[in-house]
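S.K.: Keeping their order, the protein sequence lines are chains X and S. Residues 1 to 281 (UniProt numbering) are what the first sequence spells out, left to right. Residues 1 to 223 (UniProt numbering) are what the second sequence spells out, left to right. All C-beta atoms, glycine included, are put in the ideal place defined by N, C-alpha and C. Please read all numbers here as calculations on a predicted model, not as lab measurements. My structure is below; once you've seen it, I'll send some questions.
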Amino acid sequence: MSQNIQTFTSDEPIVRYKNITKSFGEHTVLKELDLDILPGEKVALIGPSGSGKTTIARLLMTLESPTSGTIEVDGEMLWHMHKRGRLISANEKHLHRVRSKIGMVFQHFNLFPHMTILRNVTEALIHVLKIPKAEANHRALEILERVGLRDHTNHYPSQLSGGQKQRVAIARALVMQPRIMLFDEVTSALDPELVGEVLDVIKAIASEGDMTMILITHEMDFARDVADRIIFTDGGVIVEQGTPAELFENPKSARLQSFLSRFMKGQPDRSADDRVAAGTE
Amino acid sequence: MWDWGYANSILPKLLEVIPTTLASAILGFILACLLGLPIALARRSSKKWIAWPVAAFSEFIRSTPLLIQLFVLVFVFPQSFNITLSPFLAGVIGLGLHYSTYLSEVYRSGIDSVPRGQWEASIALNFNKLRTWLRIVLPQSIPPTIPVMGNYLIVMFKETPTLSAITVVELLMTAKVIGSASFKYVEAFTLVGIIFLVLSYPSSLLVRALERRMKRNERRGIA
Ligand SMILES: Nc1ncnc2c1ncn2[C@@H]1O[C@H](COP(=O)(O)OP(=O)(O)O)[C@@H](O)[C@H]1O
Ligand SMILES: [Mg+2]
Chain X
1 MSQNIQTFTS
11 DEPIVRYKNI
21 TKSFGEHTVL
31 KELDLDILPG
41 EKVALIGPSG
51 SGKTTIARLL
61 MTLESPTSGT
71 IEVDGEMLWH
81 MHKRGRLISA
91 NEKHLHRVRS
101 KIGMVFQHFN
111 LFPHMTILRN
121 VTEALIHVLK
131 IPKAEANHRA
141 LEILERVGLR
151 DHTNHYPSQL
161 SGGQKQRVAI
171 ARALVMQPRI
181 MLFDEVTSAL
191 DPELVGEVLD
201 VIKAIASEGD
211 MTMILITHEM
221 DFARDVADRI
231 IFTDGGVIVE
241 QGTPAELFEN
251 PKSARLQSFL
261 SRFMKGQPDR
271 SADDRVAAGT
281 E
Chain S
1 MWDWGYANSI
11 LPKLLEVIPT
21 TLASAILGFI
31 LACLLGLPIA
41 LARRSSKKWI
51 AWPVAAFSEF
61 IRSTPLLIQL
71 FVLVFVFPQS
81 FNITLSPFLA
91 GVIGLGLHYS
101 TYLSEVYRSG
111 IDSVPRGQWE
121 ASIALNFNKL
131 RTWLRIVLPQ
141 SIPPTIPVMG
151 NYLIVMFKET
161 PTLSAITVVE
171 LLMTAKVIGS
181 ASFKYVEAFT
191 LVGIIFLVLS
201 YPSSLLVRAL
211 ERRMKRNERR
221 GIA
């Protein structure tokens, strides 16, 4: 399924989901998912809410563990490791090492409210990467400059707008220089007029090249602009994938066609996650 | 019935024991704060062999009267373990231990109030467990509990008369001694009541002011 991307086939995938199934109790959320992502590739995940997009990202960020199957990151198992020739569950040390290649930006920012913007960005540099404070501050200011928040370094998150908060969250993830970045509906919690500034920052990062990006989004124009490949999920499986042109101009499956026609009417579903949480979906 | 002259004459004796009374409450409170946190952490542990015994111990302490625990400290400890504590020290330990089980619940509610997203951001940034606790979770969970903690300090202060049962010379004990020497109980006990009121009430106002200030800071986002 994931073999139909022409431009990247020469490389080894940087992320490989192999036969991943994820269940919460009786409820199977992902069904035997196979997915390869190439280094530097920008992949957009689209699909109705509840289709498993967030779960795909959370498995890679090690926020959930797979029920079965394996995930490889940069040629190495994420959730498993070899010990005396046998495959066993990864320990914390192994997770820590592989996870350092991955960063994530969340829908609800998850900034640290008790720290200034600067400290939000430097905290992991200093205490995870063990970079000296002066150097960490220097790097943080550089990144904050890039996301247009150089002047807000001494503010607290609650003093910022949603769009500014999300840009700080992006800076905080970016400063760790992960090889893979996950963006999970990062504009869904924002007021419509603030969406643009966040998407512009992501577009700028994407245009710089090297970073592998997985973008879960309901912003179809954005997905079309940024992504090399669009993946459409529904009911815990990948229904269809291809280049933006292939998927948007010429959707093959009935499910994607009806999904897109709903969106083209201009109804991005902002409250999708809240509805799922309330159990009314 | 009320004898002003007499009341005046015994007041200095009562004021004299205020430091002991306050010290037992404050030291007990500090001990309770120090013990409460590890109890709260242990009870949340995913390791059953840690969580279980601590939970059982804590529930046991909480559901038995302080007085019995004090008696165990002063009567059973010397006999069984050959440890003899001064009444004051036993009082501090008893109060501290007893209330640590309450304070552990306060810590727990503080910890539970930290949104899941904070833990997830900590994982995404690759903080280890210890760092996540020390730099992300505890700094957010302890400040909101401060007013409740303050109230417990006042509660513990009002509990100090229990220590008279193990002969700690605090306010109630002193009043009883004065009263039984002169058979004038009204003045002594009334004065003790007033002293408690004078010390407790402003403290609770202070706690309330603190609470208001924290709410305000929270709105400004610098709690
Ligand atoms: N922690 C969880 N416990 C139980 N069910 C969950 C949990 N997380 C997600 N789900 C369920 O998994 C399904 C897929 O969720 P999700 O991956 O968030 O989808 P999407 O991001 O595409 O909206 C939904 O039906 C959701 O209710
Ligand atoms: Mg989602």
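Closer than 7 Å to a non-hydrogen atom of ligand 1 - does that hold for the CB of X:Val239?
M.R.: Because no heavy atom of ligand 1 lies under 7 Å away, the Cβ of X:Val239 does not count as near it: no.
S.K.: Please report how far the alpha carbon of S:Ser58 lies from the alpha carbon of S:Ser45, in whole angstroms.
M.R.: In a straight line, the C-alpha of S:Ser58 is about 14 Å away from that of S:Ser45.
S.K.: From the beta carbon of X:Glu64, is the nearest beta carbon of chain S less than 8 Å away?
M.R.: Chain S, which has no Cβ nearer than 8 Å to the Cβ of X:Glu64, makes this no.
S.K.: Can you name, in chain order, every residue of its own chain whose Cβ lies under 8 Å from the Cβ of S:Thr145, other than the five neighbours on each side?
M.R.: Contacts found: Val106, Tyr107, Ser109 and Gly110.
S.K.: Using beta-carbon positions only, say whether X:Trp79 and X:Ser89 come within less than 8 Å of one another.
M.R.: Taking 8 Å as the Cβ cut-off, X:Trp79 and X:Ser89 qualify as a contacting pair.
S.K.: Residues in the same chain with beta-carbon distance under 8 Å from S:Thr84, minus the five sequence neighbours each way, listed in chain order, please.
M.R.: Hits under 8 Å: Phe77 and Pro78.
S.K.: Identify, in the order they occur along the chain, each residue of the same chain with its Cβ nearer than 7 Å to the Cβ of X:Glu41, setting aside the five sequence neighbours on each side.
M.R.: Contacts found: Phe8, Thr212, Asp228 and Arg229.
S.K.: Could you tell me how far apart the beta carbons of X:Arg179 and X:Asp74 are, in whole angstroms, since I believe they sit closer than 8 Å?
M.R.: Indeed they touch by this definition, with Cβ atoms about 7 Å apart.
S.K.: In chain order, what are the residue ranges of uninterrupted alpha helix (DSSP H) at least 4 long that sit wholly in the segment 56-135 of chain S?
M.R.: The qualifying runs are 66-71, 77-81, 87-112 and 116-124.
S.K.: Is the beta carbon of X:Val239 sitting closer than 8 Å to the one on X:Leu215?
M.R.: Contact flag unset, no.
S.K.: Quick one: is X:Leu125 buried, meaning 16 or more other Cβ sit within 10 Å of its Cβ, or exposed?
M.R.: Result: buried.
S.K.: Any heavy atom of ligand 2 closer than 7 Å to the CB of X:Thr54?
M.R.: Yes, since a heavy atom of ligand 2 falls inside the 7 Å radius drawn around the Cβ of X:Thr54.
S.K.: Leaving out the 5 sequence neighbours to the left and right, which residues in its chain are closer than 6 Å to S:Ile222 when beta-carbon positions are compared?
M.R.: Confidence at S:Ile222 is low in this model, with a pLDDT of 48, below 50, so the placement of that residue should be treated as unreliable; the coordinate-derived value is given next. Result list for S:Ile222: empty, nothing under 6 Å.
S.K.: So, under 8 Å CB-CB, X:His96 and S:Asn126 are touching, yes? Tell me the CB distance rounded to an integer number of Å.
M.R.: Going by Cβ atoms, the distance from X:His96 to S:Asn126 rounds to 6 Å, so yes, they are a contact pair.
S.K.: Please check the pair X:Ser51 and X:Gly235, which I expect to be a contact at CB under 8 Å, by giving their CB distance rounded to whole angstroms.
M.R.: 6 Å between Cβ atoms; contact.
S.K.: Checking contacts by CB at 8 Å: is X:Glu123 closer than that to chain S?
M.R.: X:Glu123 counts as touching chain S.
S.K.: Is DSSP giving X:Glu12 helix, strand or coil here?
M.R.: Coil, per DSSP.
S.K.: Since I believe X:Leu45 is in contact with X:Ile56 (beta carbons under 8 Å), could you give me their beta-carbon distance rounded to a whole number of angstroms?
M.R.: Contact flag correct, Cβ pair sits at about 6 Å.
S.K.: Between S:Gly28 and S:Tyr99, how many whole angstroms is the CB-CB distance? I'm expecting something under 8 Å.
M.R.: Rounded, the Cβ-Cβ distance is 7 Å, consistent with contact.
S.K.: Are there 16 or more other CB atoms within 10 angstroms of the CB of X:Ser253, so buried, or fewer, so exposed?
M.R.: That one is exposed.
S.K.: So what does X:Ile88 bridge to, in DSSP terms?
M.R.: In DSSP, X:Ile88 forms a bridge with X:Met81.
S.K.: Suppose the cutoff is 8 Å on Cβ atoms and the five residues either side in sequence are ignored; what does the same chain contact list for X:Asn91 look like?
M.R.: So the qualifying residues of the chain are Met81.
S.K.: Taking the C-alpha atoms as reference points, what is the distance between X:Gly279 and S:Val155?
M.R.: Confidence in X:Gly279 is poor, its pLDDT being 39 and thus under 50, which makes the residue's placement too unreliable to answer from.
S.K.: Are the beta-carbon atoms of S:Thr162 and S:Leu66 separated by less than 8 Å?
M.R.: It is a contact, given that the beta carbons lie within the stated cut-off.
S.K.: Have a look at X:Lys93 and S:Leu138 and give me their C-alpha separation to the nearest angstrom.
M.R.: If I take the Cα positions, the gap works out to 23 Å.
S.K.: Please state whether the Cβ-Cβ distance between X:Ile14 and X:Leu30 is less than 8 Å.
M.R.: Contact: no.
S.K.: Could you tell me whether any non-hydrogen atom of ligand 2 is closer than 7 Å to the CB of S:Ser204?
M.R.: The answer is no for S:Ser204.
S.K.: May I ask you to list, following chain order, the residues of the segment 122-145 of chain S that have a beta carbon less than 9 Å from some beta carbon of chain X?
M.R.: So the list reads Ser122, Ile123, Ala124, Leu125, Asn126, Phe127, Asn128, Lys129, Arg131, Arg135, Ile136, Pro139, Gln140 and Pro143, given in the order they occur along the chain.
S.K.: Looking at X:Gly47 and ligand 1, is the gap between the Cβ and the nearest heavy atom below 7 Å?
M.R.: Answer for X:Gly47: yes, Cβ within range of ligand 1.
S.K.: With a cut-off of 8 Å, do at least 3 Cβ pairs link the segment 105-123 of chain X to the segment 167-187 of chain X?
M.R.: Contact between the segment 105-123 of chain X and the segment 167-187 of chain X is present, because at least three Cβ pairs lie under 8 Å.
S.K.: Comparing C-alpha positions only, which one of X:Val237, X:Pro244 and X:Phe263 sits nearest to X:Thr28?
M.R.: X:Thr28 has its Cα closest to that of X:Val237, out of X:Val237, X:Pro244 and X:Phe263.
S.K.: Please determine whether the Cβ atom of X:Glu185 lies at a distance below 7 Å from any heavy atom of ligand 3.
M.R.: Among the ligands modelled here, namely ligand 1 and ligand 2, ligand 3 does not occur.
S.K.: Which of the three DSSP states is assigned to X:Gly50 in this structure?
M.R.: Three-state result, X:Gly50: coil.
S.K.: X:Ser271 by DSSP, collapsed to three states: which one?
M.R.: Note that X:Ser271 scores a pLDDT of 46, beneath 50, so its modelled location is shaky; the value from the coordinates is reported in the next line. Here X:Ser271 sits in coil by DSSP.
S.K.: Taking Cβ to Cβ, would you say S:Ser141 is nearer than 8 Å to S:Ile39?
M.R.: No, Cβ-Cβ distance for S:Ser141 and S:Ile39 is not below 8 Å.
S.K.: For S:Leu134, which option in S:Leu37, S:Tyr6, S:Pro12 and S:Lys176 has the closest C-alpha, if you only look at C-alpha atoms?
M.R.: That would be S:Leu37, whose Cα lies nearest to the Cα of S:Leu134.
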